[in-house]
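Shown next, in the form of structure tokens:
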């Protein structure tokens, strides 16, 4: 490494913000209906995922990143139309069985946004209009 590059590396301060995602928030209108839908789709028990503060529902996921369903009262959730949905998939659920997952979602009556693309992924909508990607 040349002196200039080393100088840049040495001058970069260590960030106090960790390079780690704790949870992803998903805006919902009806916290109880959303909890039921996500628990059903993900194979979780509703009783294991209590609603907190009348607007939050953390979902336990495999791995370190979690999902928090939130009516988002601070971000438009108190308005009649509620907080805006995620209109572009912002994260993905993983599957080892893409075709089985696609048929599972169809069988549940989930709105399918795309067919399977490139034999790798597809997108669905939750009841609140959030677009969710499912990838192999």
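In the UniProt record's numbering, the protein residues as written are 1 to 136.
Glycine included, C-beta positions come from ideal geometry on N, C-alpha and C.
Stretch pair the stretch 104-112 + the stretch 42-52: three plus CB contacts closer than 8 Å: no
Under 9 Å between C-beta atoms of residue 92 and residue 39: no
Burial state of residue 72, where buried means 16 or more other Cβ atoms lie within 10 Å: buried
Inter-residue spacing [alpha-carbon to alpha-carbon] between residue 15 and residue 89: 28 Å
Cβ neighbour criterion (16 or more within 10 Å) applied to residue 118: exposed
Start-to-end residues for the alpha helix (DSSP H) that takes in residue 102: 98-107
Exposure of residue 140, with buried meaning 16 or more beta-carbon neighbours within 10 Å: Given that the chain is displayed from residue 1 to residue 136, the structure contains no residue 140 and the question cannot be resolved.
Delimiting residues of the beta strand (DSSP E) encompassing residue 21: Per DSSP, residue 21 belongs to no beta strand (DSSP E) and is neither H nor E.
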